[in-house]
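Read the structure below first, then the notes.
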Amino acid sequence: MTSEPENQNKSKHFVRQIIEEDLSKGLQREDIRTRFPPEPNGCLHIGHAKAFCLDFGMALEYGGKCNLRFDDTNPTKEDNRFVEAIKEDIRWMGFDWENREFYASDYFEKLYNYALELIENNKAYICTLSPEEFKEYRGIPGRPGKDSPHRNRPMAESLDIFKRMRNGEFAEGAYVLRAKIDMANPNLHLRDPAIYRIKHAEHIRTGKSWCIYPMYDFAHCLSDAIEGITHSLCTLEFEVHRPLYDWFIENTSIIKTLKVQPRQNEFARLNLSHTMMSKRKLQQLVEEKIVEDWDDPRMPTLSGMRRRGYTPQAIKNFCEEIGITKFNSLTQIALLEHCLRADLNKVALRRMAVFDPLLVEITNWEDGLVDWLDAINNPEDESAGTRKVPFSKHIYIEKSDFMENPPKKYFRLSPGTEVRLRYAYILKCVDVVKNADGSVEKLLCTIDTESRGGNAPDGRKIKGTIHFVSKDHALKAKVRLFDNLFTKEDLSNLGDDENFKDYLNPNSLTETEALLEPSLKEAKPQEPLQFERNAYFTLDSKSSDALVFNRTVTLKESFVK
RNA sequence: UCCCCGAUGGUGUAAUGGCAGCACAGAGGAUUUUGAUUCCUUUAGUUGGAGUUCGAGUCUCUAUCGGGGAACCA
0 MTSEPENQNK
10 SKHFVRQIIE
20 EDLSKGLQRE
30 DIRTRFPPEP
40 NGCLHIGHAK
50 AFCLDFGMAL
60 EYGGKCNLRF
70 DDTNPTKEDN
80 RFVEAIKEDI
90 RWMGFDWENR
100 EFYASDYFEK
110 LYNYALELIE
120 NNKAYICTLS
130 PEEFKEYRGI
140 PGRPGKDSPH
150 RNRPMAESLD
160 IFKRMRNGEF
170 AEGAYVLRAK
180 IDMANPNLHL
190 RDPAIYRIKH
200 AEHIRTGKSW
210 CIYPMYDFAH
220 CLSDAIEGIT
230 HSLCTLEFEV
240 HRPLYDWFIE
250 NTSIIKTLKV
260 QPRQNEFARL
270 NLSHTMMSKR
280 KLQQLVEEKI
290 VEDWDDPRMP
300 TLSGMRRRGY
310 TPQAIKNFCE
320 EIGITKFNSL
330 TQIALLEHCL
340 RADLNKVALR
350 RMAVFDPLLV
360 EITNWEDGLV
370 DWLDAINNPE
380 DESAGTRKVP
390 FSKHIYIEKS
400 DFMENPPKKY
410 FRLSPGTEVR
420 LRYAYILKCV
430 DVVKNADGSV
440 EKLLCTIDTE
450 SRGGNAPDGR
460 KIKGTIHFVS
470 KDHALKAKVR
480 LFDNLFTKED
490 LSNLGDDENF
500 KDYLNPNSLT
510 ETEALLEPSL
520 KEAKPQEPLQ
530 FERNAYFTLD
540 SKSSDALVFN
550 RTVTLKESFV
560 K
């Protein structure tokens, strides 16, 4: 698992350093335990992929295990639909949590008992301050808060009320359980935070059996401790919560059961140019039907990227490439696209397609004669094999592959010049047939009958190679071309009131038709394809139409100038 | 306002106190039955100031800039 040569080109980010330091201090590899803790309130996106590639990746790399734990402590926000979607996305990315599928709600009883313990030890109390009073008593940064009038409520009384809270005797908001820490602490999170609130809501797993629910700060660290997590990795905004994370573990009896005390470490979340990762805003795009659904191929969600044709390997490579740091940055989408192209280039099947057809008649080819030629499926991978491609008297080529008056360095077809039809014959343009308006109707060409396969018998060099589709065999398909969802590069700084939709790219989705070689009838959804000289595509997995292809990413084309 | 965290080419990152390296993007070139790929070359960097040290991107102080923090959300 930890082959040295593989580790050499991986950056030694601070999480690796922490783990290696722990290892050197005596932590056993098999005791390393991480967790990925999504809240099932939305679909996973590329930013989550960064997080769970790290969670699962570190465990795998150092010989530990990673748990999947749904952080389902707020019943009003969560939905089972997302539990399934999240599992599917992680599985698709190739990670396996084996039988370690956990839920924070699995621990409700245990957590309740730890809360009782805190009350009994005079480290928690029942408070009846309203949310407004609560806020007022907490104070503001720079000014200490003041003690709640209930801070010294007798332990027995708090205990009694808490038990009755659980029994459902009170309305929502009537009481709250607070940890007794320090109302003067400069870190506001330590000013007696709420740890249990009443919510008469149905929970996705526990149904109606609970009406009090633990808060994140209380539930998360103890859940980690219960599961034997050693490295609890989360994003930077939880940095100020870390003292609380330690406080609950160190002030409950769970500390005595631990072989290794869990530690929280924070890293920067992903910001990607020309896209946006806010769950709330993505949800807005779905609700307002600006996109089809969460898995719209333009979405930065994993399901969207999957449908668009991204490969899990490309996403994993990207996550390794961007590294892990403790400072915010804005990663260019070009890096993600590079990782995609690099992977696709290795695996995509090459296929011929014409988007903007120009008819070519081969004057020295017999009418009705069809030659089935061998075509290589992937020059980067011999094991991908070959296929047969038909050639006949009438073919289509790309309009841009012909120029009547070519510039200097143009090496495709023009009157009187030769070009190679890929896998087929050397083609020479002898005449141009025009429409009444002067536009080109079709080309009359001849082929070198001795050049089957593309090589000239006399060894003459043919610089240009173009692709083609046989007219009688061509398949018609709809192709959807994608661009960035947003035109603005940096949407991460957008405030809530600023309207991110102002930056929606009107050209993020365009549709066109293409003529394809017949073998594409057998294309499978999500199978990476390269339509030569154009881009990478996949057959859409959701469209009911016969053939709809999504463009994954464009090729780099240096002949644009 | 107070507390916490951070700052390395255009971008993303690396460097037990010891030659600032890698990748993306850009530029140039070679090979090519995809103007792709591949290969080679190249442009460009330690936020400012002070200090410790034989030696500082790294340690200290300070300034500046950026991020986070005042849900009964996670």
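Reminder that position 520 of the first sequence reads as 519 in numbering that gives the first Met the number 0, one-by-one numbering, no gaps.
No residue lacks a Cβ here, since even glycine has one placed at the ideal position from N, Cα and C.
Keep in mind the model is a prediction, meaning the values are calculated, not measured.
| Asked | Found |
| --- | --- |
| Assigned secondary structure, A341 (DSSP; H/G/I helix, E/B strand, else coil) | helix |
| Three-state class that DSSP yields for G46 in the structure shown | helix |
| 4 or more residues per run - each alpha helix (DSSP H) lying fully within the stretch 115-148 | 130-137 |
| Cβ shell of K345 (< 6 Å), same chain only, five flanking positions each side left out | E379 |
| In chain order, each beta strand (DSSP E) run of at least 3 residues that lies wholly inside the stretch 170-209 | 175-178, 193-197 |
| Buried or exposed (CB count within 10 angstroms, at least 16 for buried), Q529 | buried |
| Nonlocal neighbours in the same chain, by C-beta distance under 7 Å from Y309, ignoring five residues either side | L339, T551 |
| Residues bridged to D370 [DSSP beta-bridge criterion] | F390 |
| Residue range of the beta strand (DSSP E) that includes E100 | 100-102 |
| Limits of the unbroken alpha helix (DSSP H) element including D216 | 215-226 |
| Residue ranges of each beta strand (DSSP E) within the stretch 236-295, 3 or longer | 262-266 |
| Through-space distance from E403 to S413, alpha-carbon basis | 5 Å |
| Cβ-Cβ distance between A224 and I254 below 9 Å | yes |
| Residue range of the alpha helix (DSSP H) that includes R306 | 301-307 |
| Under the three-state DSSP convention, the category P311 falls into | helix |
| C-beta atoms of E526 and V478 nearer than 9 Å | no |
| P517 - DSSP class collapsed to helix/strand/coil | helix |
| Check whether L329 and N377 have beta carbons under 9 Å apart | no |
| Bounding residues of the beta strand (DSSP E) (the contiguous stretch that carries S469) | 467-469 |
| Identity of the residues DSSP links to S231 by a beta bridge | Q263 |
| Exposure of E440, with buried meaning 16 or more beta-carbon neighbours within 10 Å | exposed |
| Best match in R386, H393, Q263, T416 for proximity to L519 [C-alpha to C-alpha] | R386 |
| Option nearest K433 by Cα separation, candidates L358, L420, A383 | L358 |
| Inter-stretch contact at 8 Å, needing at least 3 Cβ pairs: the stretch 352-370 / the stretch 462-473 | yes |
| Presumed contact (8 Å Cβ cut-off) between F568 and D21, rounded CB distance | Outside the shown range of the chain, which is 0 to 560, sits residue 568, and nothing can be said about it. |
| At least 3 beta-carbon pairs within less than 8 Å: the stretch 442-462 vs the stretch 473-489 | no |
| Same chain only: Cβ atoms within 6 Å of D70, ignoring 5 sequence neighbours per side | P36, E38, A103 |
| Spatial neighbours of P299 in its chain, beta-carbon cut-off 8 Å, leaving aside the 5 residues before and after | H44, I45, G46, L271, T274, M275, M276, L281, L484 |
| Distance, F499 Cα to D370 Cα | 55 Å |
| Same chain, Cβ closer than 6 Å to V418, neighbours up to 5 away in sequence not counted | R411, L412, L426, G463, I465 |
| Separation of K86 from R80, as counted between CA atoms | 10 Å |
| C-beta contact flag for F133 and A173 at 9 Å | no |
| Where K69 falls: helix, strand or coil (DSSP) | It should be noted that the sequence gives Phe, not Lys, for residue 69. F69: strand per DSSP, three-state reduction. |
| Sub-9 Å separation of A183 and A123 beta-carbons | no |
| For C428: DSSP bridge partner residues | C444 |
| Beta-carbon contacts of P213 that lie in its chain and below 7 Å, excluding the five residues immediately before and after | T72, L110, I194, Y195 |
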